[in-house]
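Protein chains: 2
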Amino acid sequence: MRAALKTFLLASVLVTGVARAGSVDPLPSWNDTAARRAIISFVRDVTTPNSPRFVPEAERIAVFDHDGTLWAEQPMYVQLAFALDRVKALAPQHPEWKTTPPFSAVLSGDLKALAAAGEKGLLDLLVATHAGMTTDEFAATVSDWLAKARHPRFGRPYTETVYQPMLELLAYLRANGFKTYLVSGGGVEMIRSFSERVYGVPPEQVVGSTIATEYRVKEGVPAIVRLPKVDFVDDKAGKAVGIQKFIGRRPILAFGNSDGDFQMLEWTTAGPGPRLGLILRHDDAEREYAYDRKSPFGRLDKALDEAPGKGWRIVSMKDDWKSVFPATR
Amino acid sequence: MRAALKTFLLASVLVTGVARAGSVDPLPSWNDTAARRAIISFVRDVTTPNSPRFVPEAERIAVFDHDGTLWAEQPMYVQLAFALDRVKALAPQHPEWKTTPPFSAVLSGDLKALAAAGEKGLLDLLVATHAGMTTDEFAATVSDWLAKARHPRFGRPYTETVYQPMLELLAYLRANGFKTYLVSGGGVEMIRSFSERVYGVPPEQVVGSTIATEYRVKEGVPAIVRLPKVDFVDDKAGKAVGIQKFIGRRPILAFGNSDGDFQMLEWTTAGPGPRLGLILRHDDAEREYAYDRKSPFGRLDKALDEAPGKGWRIVSMKDDWKSVFPATR
């Protein structure tokens, strides 16, 4: 019993104590650099009553991009890896795919032909792998896949190629009364299937791209069916629109890593009162990846140029983070 | 200072104590009838650890229709009253409206001609009064209007024609770890402008119909502009779709009052484990209104017939509620 109690107390400290107690480092995987100090100083300001920069708890909304901000997006978006694997898994039921692009390109592993299929090709893949089932069935398929799939370079489940410093930041913000949201260009249902377990972010605090759905009752059993039609693209200007549509309040902190996050950062930081905009710079080829202006995934170009003028702070993976991924279990 | 302390303590009791303490009645405006006992027994079950009907806090999602469930929807939807008043306010800038239906019908007070304009006419009114401004401007217009407008029969601001027993129920559920959501056929931005103040429901927990919006930057200042196009209708089957899209989890409690809530009730109560579906019956012509199958606003027909078979409980305004509206201040 005493050991159990000790474990319990230790767990309590790990979960809440780290972030709250002044004497314990709330961000142990962050180096003591200007970026870390800016975050801590912002949080201290907005949580100090009677401070001119105090923000009531209800308005402490923080939004985080997902791909490349909370988990690795190289060598390709995880959702794309999922779609490619699904095409392979579903191929026996679709013999015609062997000769039909873009499916044939996926099945023969011809990534050049796949790239040549362009947006139309990607949309065909999306529809074939993300629609035509109920939301419950889709969530189960995603969970099964995530349990088995491994990142090609790191050999870990994708849910463990998340960034340890960001997990700490999310917990630190929540311990200080922030409501943390994911705002992703990716499909919302995929992320919702693991956001609570992995990030401590409940499904209702995930904003993302949506597919059209329809409510159907079959033999008395209702279901929500995913249709082969894109409903909303939560990327670029869509991120600001999505924030207003799903959250209905302007955030005071935004953290992104690519040009797809430009408008989310702009909308967040242009508001009155204290605001913090942060951009994660992938400059760490050794521990993760180094990419920016020319990457097909997570291109960072315009936002990098405009960051100084807009007061957005660049977080360098290489210099600002002690570690990148969580310790393996 | 002592008086201030006393006020503070009293306020604390009013806000949280009433709903929590076992010895204090959590629902003082409800008569001690079967409906009240069913609610209390449901809440006790899902919050009792080790009970076979226990539901973890994260899954305690409760959804409430708005018009006719939380506030009066007679003699017409409040949003329609707003639209009609806006037409009158904007008329000087639109001399052509004097001869253009449906605006001419509104300006001459010809409700028959207005009704004859049908859905197309209502859409024209909606677009003219709800689009063409930023989301911030729209919220300010709604707030100004709500501060001045009065309910034609009760002479109160619309935000005080809310139902006292429902305010108590919302607070009681939250005190028991529920997350309370509004799921309305009405426009989401209108409700969000007062949901926190009136119901204790923050903007991000309001699901409703949406108008298309666009992110625009004018002279360096970003804004979200409301476009003359309906984006999503959160009514009937749309309520189940909206719940999945905005919340991403199936609720365990749903409270509605009309056929527009049928699918929300069905989707909620068809799930596994403990579920509670409730329908408010407007049978109190003396204190509020009596209407059901033939009402143009809040028609209750199919849901009334199917309630017994589906296990949905009817709450009678006349029999189950001690009082209807909050005491005037």
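The listed protein sequences derive, respectively, from chains E and U. Taking the working numbering, the leading residue of the first sequence gets 3, the next gets one more, and so forth. Taking the working numbering, the leading residue of the second sequence gets 3, the next gets one more, and so forth. Glycine included, every Cβ here is placed at the ideal spot set by N, Cα and C. As the structure is a prediction and not an experimental result, all values here were calculated from the model.
Alpha carbon of residue i to alpha carbon of residue j, nearest angstrom
| i | j | result |
| --- | --- | --- |
| U/L11 | U/V26 | Low confidence applies to U/L11: its pLDDT is 40, below 50, so where it sits in the model is not reliable, and the reading given next is rough at best. Those two C-alpha atoms are separated by around 16 Å. |
| E/Y160 | E/D69 | 11 Å |
| U/T330 | U/L82 | 25 Å |
| E/T270 | U/P167 | 38 Å |
| U/L280 | U/G258 | 6 Å |
| E/E290 | E/A74 | 8 Å |
| U/A23 | U/V45 | Its pLDDT being 46, under 50, U/A23 is placed unreliably by the model, and nothing is read from it. |
| U/A305 | U/T35 | 22 Å |
| E/E268 | U/D263 | 38 Å |
| U/F84 | U/V144 | 8 Å |
| E/V317 | U/R176 | 38 Å |
| E/P328 | U/I42 | 44 Å |
| E/A76 | U/W32 | Ala is not the amino acid found at residue 76 of chain E; the sequence shown has Gln there. Each residue's Cα considered, the two are about 58 Å apart. |
| U/Q207 | E/A93 | 41 Å |
| E/G244 | E/A141 | 22 Å |
| E/W147 | E/D321 | 34 Å |
| U/L278 | E/K181 | 28 Å |
| E/A158 | U/D126 | At residue 158 of chain E the sequence reads Arg, which differs from the Ala that was named. Roughly 55 Å separates the two Cα atoms. |
| U/D286 | U/A292 | 5 Å |
| U/V185 | U/K247 | 12 Å |
| E/R194 | U/K324 | 42 Å |
| E/V17 | E/T163 | Because E/V17 sits at a pLDDT of 43, beneath the cut-off of 50, its placement in the model cannot be relied upon, and the following sentence gives the value as read from the coordinates. For E/V17 and E/T163, the distance between alpha carbons rounds to 20 Å. |
| U/P28 | E/A225 | 35 Å |
| E/A130 | E/A91 | 12 Å |
| E/S260 | E/A309 | 11 Å |
| E/Q265 | U/A117 | 42 Å |
| U/A242 | U/Y183 | 13 Å |
| E/Y201 | U/G123 | 47 Å |
| E/K296 | E/M135 | 36 Å |
| U/P30 | U/V326 | 12 Å |
| E/F196 | E/L128 | 20 Å |
| U/I406 | E/E59 | Nothing in the structure corresponds to residue 406 of chain U, since chain U is present only between 3 and 331. |
Chain E residues whose Cβ lies nearer than 8 Å to that of residue i
| i | result |
| --- | --- |
| U/T215 | V243, Q246, K247 |
| U/P224 | A242, Q265, E268, W269, A272 |
Rounded Cβ spacing between residue i and residue j (contact assumed at less than 8 Å)
| i | j | result |
| --- | --- | --- |
| E/A2 | E/R315 | A query on residue 2 of chain E cannot be resolved here, the shown segment of chain E reaching from 3 to 331 and no further. |
| E/Y165 | E/L72 | 6 Å |
| E/T2 | E/R199 | Residue 2 of chain E lies beyond the residue range present for chain E, which begins at 3 and ends at 331; the question has no answer from this structure. |
| E/A115 | E/P97 | Going by Cβ atoms, the distance from E/A115 to E/P97 rounds to 19 Å, so no, they are not a contact pair. |
| U/A151 | U/D87 | 7 Å |
| U/V57 | U/G273 | With a Cβ gap of about 11 Å, U/V57 and U/G273 do not count as contacting. |
| U/A133 | U/P230 | 4 Å |
Proximal residues of chain U, C-beta to C-beta of residue i below 7 Å
| i | result |
| --- | --- |
| E/R251 | P205, E206 |
| E/A239 | Y217 |
| E/T212 | K247 |
Amino acids of chain E, ordered along the chain, whose beta-carbon sits closer than 7 Å to that of residue i
| i | result |
| --- | --- |
| U/W32 | Simply none; closest approach about 28 Å. |
| U/R194 | G250 |
Per DSSP, the bridge partner or partners of residue i
| i | result |
| --- | --- |
| U/W323 | U/W32 |
| U/G202 | Partner(s): none; U/G202 has no beta bridge. |
| E/K220 | E/V223 |
| U/T136 | U/V227 |
| U/A64 | U/T182, U/L255 |
| U/L278 | U/L255 |
| U/F234 | U/T212 |
| E/D69 | E/W73 |
| E/V317 | E/L282 |
| U/A37 | Bridge partners of U/A37: none, in fact. |
| U/V164 | U/W73 |
| U/A292 | U/D285 |
Proximal residues of chain E, C-beta to C-beta of residue i below 9 Å
| i | result |
| --- | --- |
| U/V190 | K247, G250 |
| U/T137 | Q246, G250 |
Partner residues on chain U for residue i, Cβ-Cβ distance less than 8 Å
| i | result |
| --- | --- |
| E/V60 | Sequence check: residue 60 of chain E is Ala here, not Val. Per Cβ cutoff of 8 Å: E198, P204. |
- Does the region 105-124 of chain E touch the region 300-314 of chain E, meaning 3 or more C-beta pairs lie closer than 8 Å? no
- Task: Evaluate contact between the region 202-211 of chain E and the region 229-246 of chain E, counting only Cβ atoms and requiring at least three cross-stretch pairs below 8 Å.
- Result: yes
- Task: Count the C-beta pairs between the region 58-75 of chain U and the region 247-255 of chain U that are closer than 8 Å, then say yes if the count reaches three, no if not.
- Result: yes
- Say whether the region 170-188 of chain U touches the region 214-221 of chain U, bearing in mind that this needs 3 or more beta-carbon pairs closer than 8 Å, one atom from each stretch. no
- Validate contact between the region 182-194 of chain E and the region 45-56 of chain E using beta carbons, cut 8 Å, 3 pairs: no
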